[in-house]
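Residue numbers (our numbering): 7 to 305.
Notes follow the structure.
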Amino acid sequence: MKDRLNAMVLGSLVADALSLGSHWVYNTNVIDRKFGRVDGYHDPLTSFHKGKKAGEQTHYGDQVLVLMASLEAVSGFDLEDFAQRWRLFFETYMGYFDHATKDTLQHLSDGKDIHTCGSASDDLAGASRIAPLCHVYAGDVEKLVAAVRQQTAFTHDNATVIETADFFSRTVAKVLGGAAPLQAVDEVVGDRFKGSTIASLVKDGLDSAERETRQVIADFGQECSIEAALPGAIHLIARYENDFEAALVENVMAGGDSSARGMPAAMILGAHHGMEAIPGQWLDGLASRARVEEFFSSI
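Okay, here's the thing in structure tokens:
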């Protein structure tokens, strides 16, 4: 179990780091021309992540590291501690500030409390940074779901984003319990989300499994929103259930917000396959690896 728990977290961060080079590049011809096949880390091509280097995290992954620090400090999830660390982190952050971050910071400055400060953003990213919570609460699904929903709502107070985070957490819990990824997806949808928007978007992703990834992502939309990115993430799980590396490479090659799609897909696939599925060069080149290993040792 420890091996798969660790692969769940490292897989998610590897997916984010692999996306850095071409993150938010929407023209896939540019990705082909500048990088060829993206099977390793690259410095970012766009100005969004100016100053970042190959193997580092995007602002999504950086927030995962903040969450890790909070979980270590208080031996579990405490929204007040996480919120304080998150706010302090962004006071001096030199990376990209997305709209959800800007709005949340502004709401806090306006006097809103940590339970009501979240943005209205419908970006999948709010549901994609949950792997450390899934590690800490792997043995207690209800505590996991409660923590995941709170952590997501802090910055993305959008019902569909919160429900998507709930869906991901329940799915990965089933995978850690021994279910294959697609079995877990089917069971969670049937048990908790039947007839919902989530169920419809998940079905779209599942139904696309036989089609080529770049075209599927283009059809769904390469952008950040749940409507586009959730079926894209499910497509990756469905098409590459048995090939962790291909899932992450093809995700990046499809362009757009590859990080938000890749992180939850890699979390679920990593929880299924374990550490052996993650290429050694990706682990060796991950700038945050030592920090993540400290997290594993401390919890």
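Ideal placement from N, C-alpha and C gives every residue a C-beta, glycine not left out.
Asked, Found
"Suppose contacts are defined by Cβ-Cβ distances below 8 Å. Is residue 153 in contact with residue 182 by that definition?", "no"
"Between 294, 96, 197, 304, which lies nearest to residue 62 when the distance is taken from Cα to Cα?", "294"
"Got a sec? Which residues, its chain only, sit under 8 Å from residue 7 by beta carbon, not counting five neighbours each side?", "144, 182"
"Would you check if the region 255-266 and the region 210-228 touch, i.e. whether three or more CB-CB distances between them fall below 8 Å?", "yes"
"Taking the runs of the alpha helix (DSSP H) that are 4 residues or longer, which of them lie wholly in the region 122-182?", "137-142, 147-161, 165-182"
"Quick one: which unbroken alpha helix (DSSP H) runs of 4-plus residues sit fully inside the region 174-257? Chain order, please.", "187-194, 203-213, 219-226, 232-245"
"With DSSP run on the structure shown, which of helix, strand or coil describes residue 292?", "coil"
"Taking only the alpha-carbon atoms, compute the straight-line gap between residue 209 and residue 277 and give it to the nearest angstrom.", "22 Å"
"Count the other C-beta atoms from every protein chain shown that fall within 10 angstroms of the C-beta of residue 300, then say buried if there are 16 or more, exposed otherwise.", "exposed"
"Contact between the region 193-206 and the region 119-126: three or more CB pairs below 8 Å?", "no"
"What is the DSSP secondary structure of residue 3, counted as helix, strand or coil?", "No information on residue 3 is available, as it lies outside the stretch 7 to 305 that the chain covers here."
"For residue 260, which three-state DSSP category applies?", "coil"
"Looking at residue 93 and residue 114, is the spacing between their C-beta atoms short of 8 Å?", "yes"
"Measure the CB-CB distance between residue 14 and residue 137 and report whether it falls below 8 Å.", "yes"
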